[in-house]
Amino acid sequence: MDASTLNKAKLFLDALRPEIRDLPRYNAGLSIEYVRKHYDVAQIAKLGSNENPYGPSPKVLEAIVQAAAQAALYPEPSCDPLREVISNRLGVAPERFIFGNGSEDMIATSVHTFVAPGEQVVTFAPAFGLHVIWPRSVGAQVCAVPVDSAYAPDIDALLAAVTPRTRMVIFGNPSNPVGTSVTADGLRRILAHLSPETLLVFDEAYREYASAHPDYPDFFAVLNREAESPWLILRTFSKAYGLAGLRVGYAIASDPELIDLMDRVRAPFNVNRLAQIAAIAALDDMAYVEQVVARTIKERGRMRAELESLGYRVAPSLANFVFVQARENAVDLAKRLLTRGVIVKPWQEPAYQDHLRVSIGLPADNEQFLDAWVLLAQ
Ligand SMILES: *Cc1c(COP(=O)(O)O)cnc(C)c1O
Numbered sequence: 071m072d073a074s075t076l077n078k079a080k081l082f083l084d085a086l087r088p089e090i091r092d093l094p095r096y097n098a099g100l101s102i103e104y105v106r107k108h109y110d111v112a113q114i115a116k117l118g119s120n121e122n123p124y125g126p127s128p129k130v131l132e133a134i135v136q137a138a139a140q141a142a143l144y145p146e147p148s149c150d151p152l153r154e155v156i157s158n159r160l161g162v163a164p165e166r167f168i169f170g171n172g173s174e175d176m177i178a179t180s181v182h183t184f185v186a187p188g189e190q191v192v193t194f195a196p197a198f199g200l201h202v203i204w205p206r207s208v209g210a211q212v213c214a215v216p217v218d219s220a221y222a223p224d225i226d227a228l229l230a231a232v233t234p235r236t237r238m239v240i241f242g243n244p245s246n247p248v249g250t251s252v253t254a255d256g257l258r259r260i261l262a263h264l265s266p267e268t269l270l271v272f273d274e275a276y277r278e279y280a281s282a283h284p285d286y287p288d289f290f291a292v293l294n295r296e297a298e299s300p301w302l303i304l305r306t307f308s309k310a311y312g313l314a315g316l317r318v319g320y321a322i323a324s325d326p327e328l329i330d331l332m333d334r335v336r337a338p339f340n341v342n343r344l345a346q347i348a349a350i351a352a353l354d355d356m357a358y359v360e361q362v363v364a365r366t367i368k369e370r371g372r373m374r375a376e377l378e379s380l381g382y383r384v385a386p387s388l389a390n391f392v393f394v395q396a397r398e399n400a401v402d403l404a405k406r407l408l409t410r411g412v413i414v415k416p417w418q419e420p421a422y423q424d425h426l427r428v429s430i431g432l433p434a435d436n437e438q439f440l441d442a443w444v445l446l447a448q
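Residue 71 is where the sequence shown starts when you use the numbering used here, and the numbers rise one by one after that.
Right, here's the structure in full:
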């Protein structure tokens, strides 16, 4: 930028809300292209972004190819065909859903709709970056409550942090990056504590992996039957359905009124045509999703067992990743793993800077990770 441009922007930027300048950047995982360009590696194990290594169902690919010819037309503005499928499947009125460009879009929209500058938002630490970044972008204060020493969500600590003035409680369940879940009773305790002025945002991005476990509660049923304060559940097609590249997710609300307000704030046409078609096709092939989930869970068990047998601490995960404690700074270790073509996500929050989140890939990816880890980790 030349000097005159800089000067012209200066007065404008001096008036910027300070929270924007202080905003942390979202730590998006590295791409295969980036690693190929910077490292001399033949095979890349992309285990940094919790993607589904099996990809979407072949039926989804067929549906996308067919729909591509209509790329010139705007998509359904409110995702009505997809809404109808999900509404029927869950037995929930269609007005209680809103769709987004990934569920991240619904994190942003819920924050922009319901949280004001100076208000308080509470989450767990370690946290999903956007549960912190979006509230801070509107000038809210975020309090992140550490998980307990067994990596479980610390409900007592959460309740101690939540006041009647807390505007939003938001967390991943299962947690990203930890992989643990609250219990049904834990959720009940949170609900009993929340004032009617607090919105609970229950981000269930990894639900399909977790609910394969017989003990994983039906949190939707608990919220729907028992909650007396407002809530949103967030879900996505990016993980078990293998559609991260297409961007589609949604929220279910306790009240259609919440949806009506969020609908005014969201971008129109926020879910593209191919994403809508793909999501409908994906829901039509649940057998494929179940198979992918089962394979991932099997590999997750193997990854955890191998790391533990090497003497590392691994959080018990219900999702498609494991959170492992290294014996050194995670960023340094992650950089060394890149020299072996292995992408993982080093955690960068205070108190967790020796932890890495490793997505569960294809068996060969996981093998490549374990070999590199044995060779390079302290
Ligand atoms: C992956 C993830 C999402 C989903 O993001 P999309 O925008 O749907 O791709 C949402 N929340 C958490 C906690 C996640 O890990």
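From the three backbone atoms N, C-alpha and C, an ideal C-beta is built for every residue, glycine too.
Option in Ala227, Pro234, Asp333 and Ala98 with minimal Cα separation from Ser516: Only positions 71 to 448 of the chain appear in this structure, which leaves residue 516 out of reach.
heavy atom of ligand 1 below 6 Å from Gly209 C-beta: Taking the first residue of the sequence shown as 1, we reach residue 209 at position 139. Outside the cutoff, so no.
For ligand 1, any of its heavy atoms closer than 6 Å to the Cβ of Asp435? To locate residue 435, count along the sequence shown from 1; it is residue 365. Outside the cutoff, so no.
Entirely enclosed beta strand (DSSP E) segments - the segment 309-353, minimum 3 residues: 319-323
Are the beta-carbon atoms of Ala337 and Ile329 separated by less than 7 Å? By 1-based counting over the sequence shown, the position of residue 337 is 267. By 1-based counting over the sequence shown, the position of residue 329 is 259. Their beta carbons are not under 7 Å apart, which means Ala337 does not touch Ile329 by this criterion.
Going by other Cβ atoms of all chains shown within 10 Å of its Cβ, with 16 needed for buried, is Pro128 buried or exposed? Taking the sequence shown and counting its residues from 1, one reaches residue 128 at position 58. When all chains shown are included, Pro128 counts as exposed.
Name, in chain order, the residues that DSSP records as bridge partners for Gly242. If you number the sequence shown from 1, residue 242 lands on position 172. Paired residue(s): Asp273.
Under 5 Å, CB to nearest heavy atom of ligand 1: contacting residues: Gly172, Ser173, Glu174, Phe198, Gly242, Asn246, Asp273, Ala275, Thr306, Ser308 and Gly319
Kindly indicate which three-state DSSP category Trp417 falls into: helix, strand or coil? Sequence index remark: in the sequence shown, residue 417 carries index 347 (1-based). Of the three classes helix, strand and coil, the one that applies to Trp417 here is coil, per DSSP.
Where Gly188 and Ala210 are concerned, what is the direct C-alpha to C-alpha distance, given to the nearest angstrom? Position 118 of the sequence shown, counted from the start, is the residue given in the question as residue 188. Position 140 of the sequence shown, counted from the start, is the residue given in the question as residue 210. In a straight line, the C-alpha of Gly188 is about 5 Å away from that of Ala210.
If you count every other CB in all the chains shown that lies within 10 Å of the CB of Lys116, and 16 or more means buried, which is it? Residue numbering aside, residue 116 sits at position 46 when the sequence shown is read from its first letter. Classification for Lys116: buried.
Nearest residue (CA-CA) to Pro147, options Glu360, Gly118 and Asn342: In the sequence shown, counting from the first residue as 1, residue 147 sits at position 77. It is Asn342.
Alpha carbon to alpha carbon, how far is Asp175 from Thr193? Your numbering for residue 175 matches position 105 in the sequence shown. Your numbering for residue 193 matches position 123 in the sequence shown. Between Asp175 and Thr193, the C-alpha separation is close to 18 Å.
Looking at the strands, I want to know which residues DSSP matches up with Arg427. For the purposes of this step, residue 427 is taken as residue 357 along the sequence shown, with counting starting at 1. DSSP, once it has assigned bridges, lists Phe393 and Lys415 as partnering Arg427.
I need the straight-line Cα distance from His283 to Ala357, nearest angstrom please. Taking the first residue of the sequence shown as position 1, residue 283 is located at position 213. Taking the first residue of the sequence shown as position 1, residue 357 is located at position 287. Going by the C-alpha atoms only, they are around 16 Å apart.
So within the segment 125-194, which uninterrupted beta strand (DSSP E) runs reach at least 3 residues, ignoring any that extend past its ends? 167-170
In angstroms, rounded to a whole number, what distance separates the CA positions of Leu143 and Ala85? The residue given as residue 143 occupies position 73 in the sequence shown. The residue given as residue 85 occupies position 15 in the sequence shown. For Leu143 and Ala85, the distance between alpha carbons rounds to 40 Å.
Is it true that the CB of Arg305 sits closer than 7 Å to the CB of Tyr286? Position 216 of the sequence shown, counting from 1, holds the residue named residue 286. Position 235 of the sequence shown, counting from 1, holds the residue named residue 305. Against a cut-off of 7 Å, the Cβ pair of Arg305 and Tyr286 comes out as no contact.
Which one or two residues does DSSP pair with Leu302 in a beta bridge? Numbered from its first residue, the sequence shown carries residue 302 at position 232. In DSSP, Leu302 forms a bridge with Val271 and Ala323.
Assigned exposure category for Ser173 - 16 Cβ within 10 Å defines buried: Stepping through the sequence shown from its first residue, residue 173 is reached at position 103. That one is buried.
Taking 8 Å as the threshold, find out whether the segment 164-173 comes into contact with the segment 358-376 through three or more Cβ pairs. no
Check whether Ala297 and Leu261 have beta carbons under 7 Å apart: The count along the sequence shown starts at 1 and reaches residue 297 at position 227. The count along the sequence shown starts at 1 and reaches residue 261 at position 191. Their beta carbons are under 7 Å apart, which means Ala297 touches Leu261 by this criterion.
Going straight from the alpha carbon of Ala197 to that of Asp150, what length do you get? As a position in the sequence shown, residue 197 is number 127, starting the count at 1. As a position in the sequence shown, residue 150 is number 80, starting the count at 1. Distance between the alpha carbons of Ala197 and Asp150: 32 Å.
Who does Arg383 pair with in a DSSP beta bridge? Here the question's residue 383 lines up with position 313 in the sequence shown. Gln395, per the DSSP bridge assignment.
Near Val292, which residues of its chain fall below 6 Å by C-beta distance, leaving aside the five closest residues on each side in sequence? As a first step, residue 292 must be located in the sequence shown, where it is residue number 222. Excluding residues within five positions, the ones whose Cβ falls inside 6 Å are Ala254 and Leu257.
Using a 10 Å radius around the Cβ and a threshold of 16 neighbouring Cβ atoms, would you call Tyr276 buried or exposed? One-based indexing of the sequence shown puts residue 276 at position 206. Counting Cβ neighbours within 10 Å, Tyr276 comes out buried, since at least 16 surround it.
Are three or more beta carbon pairs between the segment 226-235 and the segment 95-109 nearer than 8 Å? no
Got a sec, what are the start and stop residues for the beta strand (DSSP E) Val212 sits in? Here residue 212 refers to the residue found at position 142 of the sequence shown. Unbroken beta strand (DSSP E) run through Val212: Gln211 to Pro216.
Bridge partner(s) assigned by DSSP for Thr250: Translated into the one-based positions of the sequence shown, residue 250 becomes position 180. Per DSSP, none; premise fails for Thr250.
Express the C-alpha separation of Pro145 and Asn340 in angstroms, rounding to a whole number. By 1-based counting over the sequence shown, the position of residue 340 is 270. By 1-based counting over the sequence shown, the position of residue 145 is 75. Distance between the alpha carbons of Asn340 and Pro145 is about 9 Å.
Can you tell me the Cα-Cα spacing of Ala364 and Asn390, whole angstroms? Here residue 364 refers to the residue found at position 294 when the sequence shown is read from its first residue. Here residue 390 refers to the residue found at position 320 when the sequence shown is read from its first residue. Taking the straight line joining both Cα atoms gives about 10 Å.
So what does DSSP say about Ala115, is it helix, strand or coil? Along the sequence shown, read from residue 1 onward, the residue named residue 115 stands at position 45. Correct three-state label for Ala115: strand.
With Ala280 and Phe307 assumed to form a contact (beta carbons below 8 Å), what rounded beta-carbon distance in angstroms separates them? Here residue 280 refers to the residue found at position 210 of the sequence shown. Here residue 307 refers to the residue found at position 237 of the sequence shown. At roughly 16 Å, the Cβ-Cβ gap does not stay under 8 Å, so Ala280 and Phe307 are not in contact.
Using the DSSP secondary-structure output, state which residues sit across from Thr236 in a beta bridge. Position 166 of the sequence shown, counted from the first residue, corresponds to residue 236. Answer is Gln190.
Taking Leu83 and Ser207 to be in contact with their CB atoms under 8 Å, please state how far apart those CB atoms are, rounded to whole angstroms. By one-based count along the sequence shown, residue 83 stands at place 13. By one-based count along the sequence shown, residue 207 stands at place 137. Actually they are not in contact, since the Cβ atoms of Leu83 and Ser207 sit about 16 Å apart, beyond 8 Å.
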